[in-house]
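Novice: Dropping a structure here in structure tokens format, bear with me for questions.
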Amino acid sequence: MSLLYSQKTRTRREFGHATQFKDGKARILKSIDAQGEDCEEAQQWVKKRYSTIEIDCTPEYAQHEADTGNLVQKPSGTLFVNGAWPKKVKGGEITERQRYLQRLTAEKEYFKEVPAICDIAHNSVAQNNTLDLYEQYFKDGDIYESDDATMKLDTICVLKDPSEEKRHATSVCWHPDGSGKIAVSYSIMKFQKMSEATPVQSYIWDINHPNAPEFEIIPNSPLTCLQFNPKTHDHLAGGMYNGTIGFWDIRNKTDRARPSAVSNIKFSHRDPVFDLRYVSSRSSTELVSVSTDGRLLWWDTRKLEKPIDEFVLQNEEKEILGISGLEYKSESGPTKYLVATEKGFPVVVERKAKKDQPSEKKIKAMFNQGHSGHYSAARAVKRNPVETSNFLTCGDWCVKIWSEENLKSPIMISAYDKNYLTSACWSTIRPGVFFTGKSDGTMDIWDIYSKQSEAVLSVKISETPITNMCVHKHGKMMAVGSEDGVTSIMSLGKGLSTVQRMEREVVTEIFEREKKRETLLDKMRKLQEKQREKELKQKSKAASAKPKEEKVDPKEEAKKAALAKADAHWKTMMEKLTAKPETKT
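612 is the number that the working numbering gives the last residue of the sequence shown; the numbers go up by one with no jumps.
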């Protein structure tokens with residue numbers, strides 16, 4: 028069935044004038060007597076007892092957020108070669124400058140201006156001499172005391188990875204001369220997360236100009252660690268993801284970005300290089316590198332193709348221990364190398380080089396007694412700047428402080444945190460302060476001098492896990508790298524960068540007290556073990572002296588009786604079957 032419809036078109040004028048609504052006075056359209064009971068319309072209405080009205084007198088605001096683009100700045104300067112000499116005078120020639128000065132001093136205005144300037148300078152010098160610029164307002168020993176107001180961190184600048192692909196800031200290293208330059212290596216340390224198109228560049232930054240890197244480093248493979256030469260500051264060594272070692276000389280004018288020398292991959296590490304350090308030597312060209320393949324390799328940057336020495340780290344069961352961290356300080360002994368293992372405990376390796384003979388390498392101390400290590404790999408190992416025999420390791424959820432004199436267990440353990448600890452380092456100025464980085468991007472600051480039970484300050488640095496941190500030589504700044512490729516340069520307050528009164532003595536006493544406590548506890552454990560052994564021996568002797576009483580089990584006896592009865596019955600049956608019949612004569 029089809030639908031039938033009609034359509035009619037009307038012009039606009041047929042609708043009449045357009046309606047225009049205006050405000051007018053109130054008019055009564057209809058009046059109903061509510062009191063009248065007989066009124067039918069009045070009975071349809073009900074009186075409303077309550078009326079609820081919401082009134083809000085606060086002004087309304089509209090919130091709007093806008094992320095402005097980064098302002099790219101580039102430092103520039105002007106070099107005055109000829110100084111402020113007039114154009115007619117050639118500043119590079121001494122004779123012309125002397126002639127110009129002779130003509131200038133011969134003029135009458137010169138003799139008028141110089142005395143006037145001297146009078147002004149004389150008054151300023153006289154006023155300056157009335158003040159003692161070198162007056163000491165505080166006595167020797169009055170050292171600044173910290174308080175909560177000075178225990179703070181301020182962000183100086185943020186160094187962002189110029190690469191579009193997100194990479195981890197794997198290591199940070201300050202320039203040894205104490206300036207504001209810092210080397211940052213970038214890589215992706217997650218297994219099989221690095222693509223072939225991942226950039227390999229790392230950079231040297233200047234915190235005074237943080238918008239762009241000052242120097243670019245182009246290795247053969249992404250760098251996992253970087254280290255400046257402490258004596259020759261223009262030399263830089265780095266470990267790569269493919270296990271090789273690279274060496275850069277920044278003074279090279281031809282191609283400074285490319286490495287001057289690279290080790291042969293056949294003789295290098297089989298895993299990524301986790302850390303490397305320059306070691307004390309006559310030539311200042313030797314360094315040591317570690318990796319999770321369990322090897323320590325010693326190199327000479329003058330002939331970097333092959334390592335000059337090698338040591339494989341193994342435990343008593345000849346199991347290779349993967350190395351995840353390295354610490355070397357000549358103050359603690361030029362032959363000692365402190366390493367952190369993937370098993371969670373530290374190891375001290377000793378290497379004594381001999382002339383015209385193979386070097387002597389051995390494990391001097393292995394801190395793997397019982398369950399004293401971390402439950403995960405030790406992520407960092409750092410020696411105390413004052414008491415170098417004491418060092419810390421971080422892993423799983425806590426920090427442990429060890430002493431080389433006590434090989435059984437750590438002398439101090441921090442409280443367990445909710446998040447994993449990823450990095451740690453000591454303050455270079457205060458011996459009782461150390462910093463820890465966590466997987467949630469938070470950095471905790473611990474001060475043993477004032478409090479050992481908890482951190483004195485906790486600061487949110489990044490939204491991603493912290494990968495590395497390093498304190499400046501002067502102890503007033505520190506660099507914190509994270510997984511998003513951002514390196515934050517932080518300024519430490521006076522409470523964190525100024526040595527407290529008697530701090531070194533107090534911290535040393537704390538370490539000594541904890542060493543004695545652990546030593547006494549170890550002796551108590553040994554006595555308890557000996558007592559247990561004696562009790563076990565006495566029990567065994569008493570048990571052997573008593574005659575053994577055989578216990579009779581009724582079920583076993585019943586089984587034996589049934590078997591004996593069945594055996595006798597079987598024998599009688601066999602005798603009947605095998606018996607010969609008697610013959611009659």
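Positions of the beta carbon are idealized from the N, C-alpha and C atoms, including for glycine.
Predicted model, so just to flag it, every value in this text is computed and none were measured.
Sorted by chain position, which residues of the same chain lie with C-beta nearer than 7 Å to D477's C-beta, five sequence neighbours on each side aside?
Specialist: In the sequence under discussion, the amino acid at residue 477 is Ser, which differs from the Asp named in the question. So the qualifying residues of the chain are V483.
Novice: Let's see if you can read the secondary structure: which residues bound the beta strand (DSSP E) around G265?
Specialist: Its beta strand (DSSP E) spans residues H262 to M267.
Novice: Would a C-beta distance cut-off of 7 Å place T15 and A264 closer than the cut-off?
Specialist: Here the chain comprises residues numbered 28 to 612, so residue 15 is not present and cannot be evaluated.
Novice: How is N150 classed by DSSP in three states: helix, strand or coil?
Specialist: Helix.
Novice: Taking S524 as the reference, give the member of P458, E490 and T546 with the closest Cα.
Specialist: When each option's Cα is compared against that of S524, the closest is P458.
Novice: If you reduce the DSSP assignment to three classes, tell me which class D383 lands in.
Specialist: Reduced to three states, the DSSP call for D383 is coil.
Novice: Exposed or buried, Q527, counting other C-beta atoms within 10 Å across all chains shown (16 or more means buried)?
Specialist: Buried is the call here.
Novice: For a minimum of 4 consecutive residues, which ranges assigned as the alpha helix (DSSP H) are wholly contained in the segment 508-553?
Specialist: Here the runs fully enclosed are 521-524.
Novice: Would S222 be called buried (16 or more neighbouring beta carbons within 10 Å of its own) or exposed?
Specialist: Exposed: under 16 other Cβ atoms inside 10 Å.
Novice: Below 7 Å CB to CB, which residues in the same chain sit around Q341 once its five sequence neighbours on both sides are set aside?
Specialist: Only I347 and L348 meet the Cβ criterion.
Novice: According to DSSP, is C184 part of a helix, a strand, or is it coil?
Specialist: Note: C184 maps to strand in three-state DSSP.
Novice: Go ahead and label I209 buried or exposed: buried means 16 or more other beta carbons lie within 10 angstroms of its beta carbon, across all protein chains shown.
Specialist: Under this definition I209 is a buried residue.
Novice: Determine the burial state of Y443: buried for a count of at least 16 other Cβ atoms within 10 Å of its Cβ, exposed for fewer.
Specialist: So Y443 ends up on the exposed side.
Novice: Tell me whether A288 sits in a helix, a strand or coil according to DSSP, three-state version.
Specialist: Strand.
Novice: Which word fits L547, buried or exposed, when buried means at least 16 other C-beta atoms lie within 10 angstroms of its C-beta?
Specialist: Per the 10 Å Cβ criterion, exposed.
Novice: Out of K258, L303 and V317, which has the shortest C-alpha to C-alpha gap to S310?
Specialist: S310 has its Cα closest to that of K258, out of K258, L303 and V317.
Novice: Tell me which residue opens and which closes the alpha helix (DSSP H) that W597 is part of.
Specialist: Its alpha helix (DSSP H) spans residues P581 to T605.
Novice: How about A284 and I245: are their beta carbons less than 7 Å apart?
Specialist: Yes; because the gap between Cβ atoms is below 7 Å, this pair is in contact.
Novice: Of all the CB atoms in chain C, is at least one closer than 7 Å to the CB of S489?
Specialist: The question asks about chain C, but that chain is absent: this structure has only one protein chain.
Novice: What is the DSSP secondary structure of A407, counted as helix, strand or coil?
Specialist: In the structure shown, A407 sits in a strand (DSSP, three-state: E or B).
Novice: Given a cut-off of 7 Å, decide if T455 and G400 are closer than it, judged by their beta-carbon atoms.
Specialist: Taking 7 Å as the Cβ cut-off, G400 and T455 do not qualify as a contacting pair.
Novice: Return the chain-ordered list of same chain residues with a C-beta closer than 8 Å to the C-beta of E337, the five sequence neighbours on each side being excluded.
Specialist: Result list for E337: R322, L323, L324 and W325, in chain order.
Novice: Would you say the segment 375-384 touches the segment 401-414, given that touching needs at least three Cβ pairs under 8 Å?
Specialist: Taking 8 Å as the limit for Cβ pairs, the verdict is that the segment 401-414 does not touch the segment 375-384.
Novice: Leaving aside the five residues before and after W597 along the sequence, list all residues of the same chain whose C-beta is less than 8 Å from its C-beta, in chain order.
Specialist: Answer for W597: no residue qualifies.
Novice: What do you get for K594, buried or exposed, if any count of 16 or more other CB atoms within 10 angstroms of its CB means buried?
Specialist: What sits at residue 594 in the sequence shown is Asp, not Lys. Answer is exposed; the Cβ neighbour count stays below 16.
Novice: Cutting at 7 Å between CB atoms, please list the residues of its own chain near G371, excluding the five before and the five after it.
Specialist: Same-chain partners within the cutoff: G400, H401, Y402, S403, A404, A405 and G422.
Novice: So, are the CB atoms of M517 and L253 less than 7 Å apart?
Specialist: No.
Novice: Go through its chain and collect everything with a Cβ distance to S287's Cβ below 8 Å, but skip five positions before and after it.
Specialist: These residues qualify, in order along the chain: F274, W275, D276 and N279.
Novice: Output needed for P613: all residues of its chain with C-beta closer than 6 Å, excluding positions within five of it in sequence on either side, in chain order.
Specialist: Only positions 28 to 612 of the chain appear in the structure, and residue 613 is not among them; the question remains open.
Novice: Secondary structure at C84, three-state DSSP: helix, strand or coil?
Specialist: Coil at C84, not helix or strand.
Novice: Could you tell me which residues DSSP pairs with I231 in its beta bridges?
Specialist: In DSSP, I231 forms a bridge with A210 and F242.
Novice: Am I right that S290 and T319 are in contact with their C-beta atoms under 8 Å? What's the rounded C-beta distance?
Specialist: S290 to T319, Cβ: 17 Å. No contact.
Novice: In this structure, does DSSP put E136 in helix, strand or coil?
Specialist: Reduced to three states, the DSSP call for E136 is helix.
Novice: Throw me the rounded Cβ distance for the S316 and L331 pair, which I believe falls under 8 Å.
Specialist: About 11 Å separates the two Cβ atoms, so there is no contact after all.
Novice: Can you check DSSP and say which residues form a bridge with F368?
Specialist: Rather than Phe, the amino acid found at residue 368 in this sequence is Thr. For T368, which the question treats as bridged, DSSP gives the partners I350.
Novice: Using the C-alpha atoms, what's the distance from Y77 back to T38?
Specialist: The alpha-carbon atoms of T38 and Y77 are separated by roughly 51 Å.
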